[in-house]
Amino acid sequence: MNKKKKFKFSLTSFSIIFILIFILGLISHLLPKAAFVGDEIVNGSGVVGAKLSDILMSPILGFENAMDVCIFVMILGGFLAIITSTGALETGIKVLMKKLKGRELILIPILMIIFSIGGTTYGMLEETVGFYVLLAATMVAAGMDTIVASAVVLLGAGSGVLGSTINPFAVGAAVSALPKGTEVNQGILIAIGVALWLTTLAISIFFVMRYAKRVKENKGSTFLTLREQKKMESKYLKKNAKEENVELTRKQSITLILFALTFVVMVIGFIPWGEFGITFFDKITGWLTGTPLGSWWFYEAALWFLIMAILIGVINGLKEKEIVDTFVDGADDMVGVILIIAIARGASVLMMQTHLDNYIIYNASDALKSVPAVIFTPLNYLLHMVLSVLVPSSSGLATLSTPIMGPLAGHLGYSPEATIMTFVAANGLVNLITPTCGAIMGGLALAKVEYSTWVKWAWKVVLTIAIANIIILTLAMMLL
0 MNKKKKFKFS LTSFSIIFIL IFILGLISHL LPKAAFVGDE IVNGSGVVGA KLSDILMSPI
60 LGFENAMDVC IFVMILGGFL AIITSTGALE TGIKVLMKKL KGRELILIPI LMIIFSIGGT
120 TYGMLEETVG FYVLLAATMV AAGMDTIVAS AVVLLGAGSG VLGSTINPFA VGAAVSALPK
180 GTEVNQGILI AIGVALWLTT LAISIFFVMR YAKRVKENKG STFLTLREQK KMESKYLKKN
240 AKEENVELTR KQSITLILFA LTFVVMVIGF IPWGEFGITF FDKITGWLTG TPLGSWWFYE
300 AALWFLIMAI LIGVINGLKE KEIVDTFVDG ADDMVGVILI IAIARGASVL MMQTHLDNYI
360 IYNASDALKS VPAVIFTPLN YLLHMVLSVL VPSSSGLATL STPIMGPLAG HLGYSPEATI
420 MTFVAANGLV NLITPTCGAI MGGLALAKVE YSTWVKWAWK VVLTIAIANI IILTLAMMLL
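So for the sequence shown, numbering that gives the first Met the number 0 puts the first residue at 0; every next one is plus one.
What follows is the structure in structure tokens.
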């Protein structure tokens with residue numbers, strides 16, 4: 000008797016985002032309509048119903064909104080293609096795996112700690128997109144899979160962002176958005192941030208290490224679908240003979256040094272040193288990009304990667320046509336990633352057009368006025384989780400939420416510091432799993448992991464982190 004094959008229904012990342020955008024458009028017609036005074040909307044009075052054209056145009060406008068990231072990712076693709084063509088990265092990974100034989104798992108906590116430091120200090124998340132390909136190749140070569148690679152980058156950096164201590168794009172933006180008269184203690188903010196950061200990081204490392212060990216011991220325990228496994232094998236598992244004596248050539252060693260230097264300089268360029276009172280980099284006049292290190296954003300990083308791609312190509316003896324053709328092919332490989340990032344931004348664009356974000360925050364704050372601290376914090380956390388799906392940007396959500404929730408907490412006698420960190424933690428949690436976050440969707444696309452597969456693997460981690468966050472924040476609210 001033949002058994003009928005079960006039909007597994009799954010959606011691509013593109014379809015998931017499109018469906019979410021249409022749902023947001025539908026919701027805008029089910030809520031009260033906004034009141035206007037002249038051309039100005041009365042905050043919290045209602046929403047503006049999305050026209051069909053607004054819904055259809057939002058993914059297109061997402062390109063405009065995410066243009067800087069899209070250009071960076073495109074040039075990053077060209078840069079990585081030049082690196083790959085030299086064979087330096089592949090050989091370097093083989094040498095590393097040979098040296099770590101039997102101890103490859105030690106890479107996971109080390110890398111996650113490094114990424115988390117970037118996250119807690121300056122909000123390193125979107126900037127990690129380039130690391131997905133590198134870590135995917137490394138982890139697959141070590142006998143693991145691309146979910147491990149994605150988790151190392153996303154949960155590593157994400158745990159730091161969730162527990163931001165001095166991150167100017169989360170904590171800094173929230174404090175600056177507070178109205179005059181609402182004072183906060185910076186030391187308390189940092190203390191709560193450290194508690195959130197370290198607990199989230201520990202939980203993340205535990206889950207990633209456990210899964211990585213399981214996959215390494217039994218390939219059948221992977222969460223990847225058969226289609227994803229085939230993609231992983233075709234991209235990251237090279238057909239190679241026994242290469243016990245594999246060694247790096249001099250040119251390959253120089254290439255890897257320049258490769259590492261490229262990312263180090265990018266990270267230094269992104270960190271807003273002036274926010275921390277460090278003025279050294281202001282003296283670097285920005286002769287290369289026009290902007291000094293510490294004030295870089297994606298355009299400056301894109302130019303830096305372009306320059307380094309050409310330099311590495313020349314050092315490896317590539318002809319002009321080879322450099323151009325290889326770079327263009329690499330940029331072409333990023334089209335799918337760029338489309339995902341842009342479409343994900345479309346959801347945020349529609350939110351701003353309909354004022355749905357304003358409506359939710361104003362009405363939710365009214366509902367929270369009469370609840371005790373032990374309930375206020377969990378509900379506030381859940382509120383900001385919902386808002387973070389709609390407004391993934393930490394600085395954007397801080398500008399929207401903090402001017403309302405900060406004074407409300409102070410008026411009720413609750414800790415404004417715990418209130419701010421509730422927003423930071425909730426936003427950081429959602430940005431580990433939301434399809435509206437370009438960093439997630441773009442990174443997963445690079446690692447050849449479908450969004451649905453990531454959710455299937457990550458939901459237990461995210462739920463555990465959320466419970467730990469709520470406990471810490473509720474205690475902070477009650478004790479401070």
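C-beta atoms are modelled at their ideal positions from N, C-alpha and C, and glycine is treated no differently. All values derive from a computational prediction rather than experimental measurement.
Assuming residue i contacts residue j under a Cβ cut-off of 8 Å, what Cβ separation, rounded to an integer in Å, is found between them?
{"i": "L195", "j": "A424", "result": "5 Å"}
{"i": "L30", "j": "Y358", "result": "6 Å"}
{"i": "F258", "j": "I82", "result": "6 Å"}
{"i": "M143", "j": "A211", "result": "5 Å"}
{"i": "V139", "j": "M231", "result": "6 Å"}
{"i": "A366", "j": "I74", "result": "That pair is no contact at about 46 Å."}
What residue range does the alpha helix (DSSP H) around residue i cover?
{"i": "C69", "result": "M66 to T85"}
{"i": "S158", "result": "T145 to L161"}
{"i": "H383", "result": "A372 to L389"}
{"i": "G409", "result": "S393 to H410"}
{"i": "Y131", "result": "V128 to A140"}
{"i": "G437", "result": "G437 to L445"}
{"i": "W450", "result": "The sequence given here has Tyr at residue 450, not Trp. Y450 to L478 is the extent of the alpha helix (DSSP H) around Y450."}
{"i": "G268", "result": "R249 to F269"}
{"i": "R209", "result": "Q185 to E216"}
{"i": "L106", "result": "L106 to Y121"}
{"i": "A172", "result": "A172 to A176"}
{"i": "W272", "result": "Looking at the DSSP string, W272 is not in any alpha helix (DSSP H), and its letter there is neither H nor E."}
{"i": "I306", "result": "F297 to I314"}
Who pairs with residue i in a beta bridge, going by DSSP?
{"i": "E234", "result": "It should be noted that the sequence gives Lys, not Glu, for residue 234. Paired residues: none, contrary to the question."}
{"i": "I40", "result": "F35"}
Go ahead and pull the three-state DSSP assignment for residue i.
{"i": "I419", "result": "helix"}
{"i": "V334", "result": "helix"}
{"i": "V46", "result": "strand"}
{"i": "G289", "result": "coil"}
{"i": "H28", "result": "helix"}
{"i": "N362", "result": "helix"}
{"i": "E227", "result": "helix"}
{"i": "A240", "result": "In this prediction, A240 scores a pLDDT of 41, lower than 50, which makes its location untrustworthy; no coordinate-derived value is stated."}
{"i": "E125", "result": "helix"}
{"i": "K544", "result": "The chain is shown from 0 up to 479; residue 544 falls before or after that span and cannot be answered."}
{"i": "I413", "result": "Strictly speaking, residue 413 in this sequence is Tyr, with Ile absent from that position. Note: Y413 maps to coil in three-state DSSP."}
{"i": "S294", "result": "coil"}
{"i": "P434", "result": "coil"}
Under 8 Å between the Cβ atoms of residue i and residue j?
{"i": "G335", "j": "T181", "result": "no"}
{"i": "G162", "j": "L124", "result": "no"}
{"i": "T120", "j": "V152", "result": "no"}
{"i": "G76", "j": "A446", "result": "no"}
{"i": "V47", "j": "A33", "result": "yes"}
{"i": "L110", "j": "G45", "result": "no"}
{"i": "I340", "j": "G427", "result": "no"}
{"i": "T435", "j": "A346", "result": "yes"}
{"i": "I191", "j": "M420", "result": "yes"}
{"i": "V348", "j": "G61", "result": "yes"}
{"i": "K368", "j": "L399", "result": "no"}
{"i": "I16", "j": "I107", "result": "no"}
Check whether the Cβ of residue i lies closer than 7 Å to any heavy atom of the ligand SAM, and answer yes or no.
{"i": "L200", "result": "Of the ligands one can find in the structure shown there are none, so the ligand SAM has no counterpart to examine."}
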